[in-house]
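Novice:
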Amino acid sequence: MNFFQAIILGLVQALTEYLPVSSSAHIRIIGDLMIGSDPGAAFTAIIQIGTELAVLLYFRHDIIRILSHWFGCLFGHNGKDWKHRMGQGDKDALLGWYIILGTLPIVIAGLAFKHAIESTLRNLWITVAVLFIFGVLLWIVDDRARQIKRIEDMNAKEALIFGIGQMLALIPGVSRSGGTITFGRAMGYTREAAVRVAFLMAIPAVFGAGLLEAVSAVKDYAAGDLAGTPFPGWGPTIAATIVSFVVGYIVIIGFLKFVSTFSYKAFAIYRIALAVIVALLLITGVLQPLEATTAAAAALAVTA
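Counted the way numbering that gives the first Met the number 0 counts, the sequence shown spans residues 0 to 303.
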């Protein structure tokens with residue numbers, strides 16, 4: 000992968016990360032079409048740090064408020080007993096705990112199924128299936144769901160359900176925001192509330208995954224082990240991450256304005272159409288379900 004190709008993939012990441020269309024699926028598909036191979040789970044996870052930095056910048060006031068209240072209840076003068084330490088009576092502190100709770104499913108599943116995520120689950124036929132299925136689900140849920148709940152109405156059970164939606168995004172094609180938004184709309188949250196939960200809940204998960212993959216890539220390079228998961232090198236990866244940050248900030252502004260006025264139906268239609276197109280490309284042999292090195296890793300994951 001050269002720098003131009005990396006910049007294109009960084010742009011794709013920025014344009015699709017926040018939309019319920021699966022950025023990892025787009026990186027996987029466009030990477031295969033453009034460079035003839037899967038850019039790899041490590042590259043995908045690291046460049047997502049760029050788009051999450053854009054989230055930190057845009058939601059900085061919300062994040063600072065949540066953190067200050069959370070730390071205040073846990074360690075400060077507000078933490079008189081365990082109920083107060085857990086944020087009782089403080090909605091911002093509670094939201095901090097709910098974000099932590101909602102992050103647990105993706106952390107546990109990500110660690111437990113790491114090899115499958117980096118190999119078997121990157122099969123494009125799986126991507127086609129989940130693009131289509133979650134496209135239909137998003138359409139139905141967004142069309143029929145009530146819009147009564149705000150982010151302040153969240154409880155522990157609903158935070159965990161949001162987290163399960165985010166966890167499913169470990170499968171390329173589901174979409175982190177798509178899974179979270181779909182589950183949120185099904186629970187009756189407004190479009191704006193569901194997308195804000197998706198943004199905030201993704202921060203610890205994406206930064207954690209990106210940093211783990213970065214550390215793993217550094218170790219592999221230091222050990223001279225480059226035969227595992229595909230990785231294009233640090234230069235292209237950093238370039239793509241910078242592009243995803245700059246363009247991502249602009250996309251956040253536009254997306255939040257869009258969902259305050261329109262439904263998610265356009266994204267559902269896009270997902271279904273993309274699933275059909277990718278299926279045709281697979282049938283005609285333009286795309287291969289698994290890139291050679293990923294297929295080898297998948298075989299090892301199955302036999303391990």
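We put the beta carbon where it would ideally sit given N, CA and C, even for glycine.
Please report the straight-line C-alpha distance between residue 266 and residue 188, rounded to a whole angstrom.
Specialist: In the sequence shown, counting from the first residue as 1, residue 266 sits at position 267. In the sequence shown, counting from the first residue as 1, residue 188 sits at position 189. So the two alpha carbons sit approximately 18 Å from each other.
Novice: Quick test of your reading: residue 241 and residue 54, contact by CB under 8 Å. State the CB separation rounded to the nearest angstrom.
Specialist: Taking the first residue of the sequence shown as position 1, residue 241 is located at position 242. Taking the first residue of the sequence shown as position 1, residue 54 is located at position 55. A Cβ-Cβ separation of about 15 Å leaves residue 241 out of contact with residue 54 under the 8 Å criterion.
Novice: Would residue 302 be called buried (16 or more neighbouring beta carbons within 10 Å of its own) or exposed?
Specialist: Within the sequence shown, numbered from 1, the residue matching residue 302 stands at position 303. Note that residue 302 scores 31 on pLDDT, short of 50, meaning its location in the model is unreliable and no value can be drawn from it.
Novice: Could you tell me whether the Cβ atoms of residue 133 and residue 169 are closer together than 9 Å?
Specialist: Residue mapping note: residue 133 aligns to position 134 of the sequence shown, counting from 1. Residue mapping note: residue 169 aligns to position 170 of the sequence shown, counting from 1. Taking 9 Å as the Cβ cut-off, residue 133 and residue 169 do not qualify as a contacting pair.
Novice: Which residues in the same chain as residue 43 place their Cβ atom closer than 6 Å to its Cβ, once the five residues preceding and following it in sequence are excluded?
Specialist: Position 44 of the sequence shown, counted from the start, is the residue given in the question as residue 43. The answer, listed in chain order, is 23 and 26.
Novice: Please report how far the alpha carbon of residue 99 lies from the alpha carbon of residue 283, in whole angstroms.
Specialist: Here residue 99 is taken as the residue at index 100 of the sequence shown, counted from 1. Here residue 283 is taken as the residue at index 284 of the sequence shown, counted from 1. Roughly 44 Å between the two C-alpha positions.
Novice: To the nearest angstrom, how far is it from the Cα of residue 238 to the Cα of residue 184?
Specialist: Position 239 of the sequence shown holds residue 238. Position 185 of the sequence shown holds residue 184. Approximately 35 Å between the Cα atoms of the pair.
Novice: On the DSSP bridge assignment, give the partners of residue 148 in chain order.
Specialist: Numbered from 1 along the sequence shown, position 149 holds the residue referred to as residue 148. Note: residue 148 sits in a beta bridge opposite 188.
Novice: Determine, using beta carbons only, whether residue 123 and residue 277 come nearer to each other than 9 Å.
Specialist: Translated into positions along the sequence shown, residue 123 becomes position 124. Translated into positions along the sequence shown, residue 277 becomes position 278. Cβ atoms of residue 123 and residue 277: closer than 9 Å.
Novice: Between the alpha carbons of residue 196 and residue 289, how many angstroms are there, rounded?
Specialist: In the sequence shown, counting from the first residue as 1, residue 196 sits at position 197. In the sequence shown, counting from the first residue as 1, residue 289 sits at position 290. Whole-angstrom Cα-Cα distance: 33 Å.
Novice: At 4 residues or longer, what runs of the alpha helix (DSSP H) sit wholly inside the segment 38-119?
Specialist: DSSP runs (the alpha helix (DSSP H)) wholly in the segment 38-119: 40-57, 59-74, 81-84, 90-111 and 113-117.
Novice: DSSP three-state label for residue 330, please.
Specialist: In the structure displayed, the chain extends from 0 to 303; residue 330 sits before or after that span and is not available.
Novice: Under 7 Å Cβ to Cβ from residue 34, same chain only, skipping five residues before and after it: list those, please.
Specialist: In the sequence shown, counting from the first residue as 1, residue 34 sits at position 35. So the list reads 0 and 4, once near-sequence residues are dropped.
Novice: How about residue 9 and residue 243: do their beta carbons lie closer than 9 Å?
Specialist: In the sequence shown, the residue the question calls residue 9 occupies position 10. In the sequence shown, the residue the question calls residue 243 occupies position 244. In contact: residue 9 and residue 243 (Cβ atoms closer than 9 Å).
Novice: Report the rounded CA-to-CA distance for residue 176 versus residue 52, giving the unit in angstroms.
Specialist: For the purposes of this step, residue 176 is taken as the residue at position 177 of the sequence shown. For the purposes of this step, residue 52 is taken as the residue at position 53 of the sequence shown. Their backbone Cα atoms lie some 16 Å apart in a straight line.
Novice: What separation, rounded to the nearest whole angstrom, lies between the Cα atoms of residue 271 and residue 143?
Specialist: Within the sequence shown, the letter at position 272 stands for residue 271. Within the sequence shown, the letter at position 144 stands for residue 143. Going by the C-alpha atoms only, they are around 19 Å apart.
Novice: Inspect the beta-carbon positions of residue 93 and residue 186 and report whether they are closer than 9 Å.
Specialist: Indexing the sequence shown from 1 puts residue 93 at position 94. Indexing the sequence shown from 1 puts residue 186 at position 187. Not closer than 9 Å, so no.
Novice: Quick check: what's the CA-CA separation for residue 147 versus residue 191?
Specialist: As a working mapping, residue 147 is identified with position 148 in the sequence shown. As a working mapping, residue 191 is identified with position 192 in the sequence shown. Their Cα atoms are separated by approximately 11 Å.
Novice: Note down, in chain order, each residue of its chain lying with its Cβ closer than 6 Å to the Cβ of residue 274, except the 5 sequence neighbours on either side.
Specialist: Within the sequence shown, numbered from 1, the residue matching residue 274 stands at position 275. If we look at residue 274 and ignore the five residues flanking it on each side, its Cβ neighbours are 127, 130 and 131.
Novice: For residue 56, which residues from the same chain have a beta carbon less than 7 Å from its beta carbon, with the 5 sequence-adjacent residues on both sides left out?
Specialist: Residue 56 sits at position 57 when you count from the first residue of the sequence shown. For residue 56, where only same-chain residues beyond five positions count, the Cβ hits under 7 Å are 248.
Novice: Using DSSP with H/G/I as helix, E/B as strand and the rest coil, what is residue 287?
Specialist: The residue labelled residue 287 in the question sits at position 288 within the sequence shown. Correct three-state label for residue 287: coil.
Novice: Out of 102, 45, 96 and 245, state which residue places its alpha-carbon closest to the alpha-carbon of residue 163.
Specialist: Residue mapping note: residue 163 aligns to position 164 of the sequence shown, counting from 1. When each option's Cα is compared against that of residue 163, the closest is 102.
Novice: What are the boundary residues of the alpha helix (DSSP H) that residue 33 is part of?
Specialist: Working through the sequence shown from its first residue, we reach residue 33 at position 34. Segment 22-34, the alpha helix (DSSP H) holding residue 33.
Novice: Nearest to residue 18 by alpha carbon, out of 105, 158 and 180?
Specialist: The residue you call residue 18 lines up with position 19 of the sequence shown. Ranking the options by Cα distance to residue 18, first place goes to 180.
Novice: Ignore the nearest five residues each way along the sequence and tell me which others in residue 104's own chain have a CB closer than 8 Å to its CB.
Specialist: As a working note, residue 104 is residue 105 in the sequence shown. Excluding sequence neighbours, residue 104 sits near 159, 162, 163, 165 and 166.
Novice: Check each candidate in 15, 117 and 48 and name the one with the smallest Cα separation from residue 203.
Specialist: What you label residue 203 is simply residue 204 of the sequence shown in a count that begins at 1. Nearest to residue 203 by C-alpha distance, out of 15, 117 and 48, is 48.
Novice: Smallest Cα separation from residue 211: which of 46, 281, 15 and 12?
Specialist: As a first step, residue 211 must be located in the sequence shown, where it is residue number 212. For residue 211, the nearest C-alpha among the options comes from 46.
Novice: For residue 20 versus residue 174, is the C-beta spacing smaller than 9 Å?
Specialist: Taking the first residue of the sequence shown as position 1, residue 20 is located at position 21. Taking the first residue of the sequence shown as position 1, residue 174 is located at position 175. In contact: residue 20 and residue 174 (Cβ atoms closer than 9 Å).
Novice: Would you say residue 64 and residue 91 are within 9 Å of each other, going by their C-beta atoms?
Specialist: As a working mapping, residue 64 is identified with position 65 in the sequence shown. As a working mapping, residue 91 is identified with position 92 in the sequence shown. The Cβ-Cβ distance between residue 64 and residue 91 falls below 9 Å.
Novice: Can you find the residues in the same chain that come closer than 7 Å, C-beta to C-beta, to residue 97, ignoring five residues on each side of it along the sequence?
Specialist: Indexing the sequence shown from 1 puts residue 97 at position 98. Excluding residues within five positions, the ones whose Cβ falls inside 7 Å are 153, 155 and 158.
Novice: Less than 9 Å between the C-beta atoms of residue 13 and residue 205, yes or no?
Specialist: In the sequence shown, residue 13 corresponds to position 14, counting from 1. In the sequence shown, residue 205 corresponds to position 206, counting from 1. The answer is no: Cβ separation not under 9 Å.
Novice: Given this structure, state the Cα-to-Cα distance separating residue 347 from residue 61, to the nearest angstrom.
Specialist: Nothing about residue 347 can be reported from this structure: the residues present for the chain run from 0 to 303 only.
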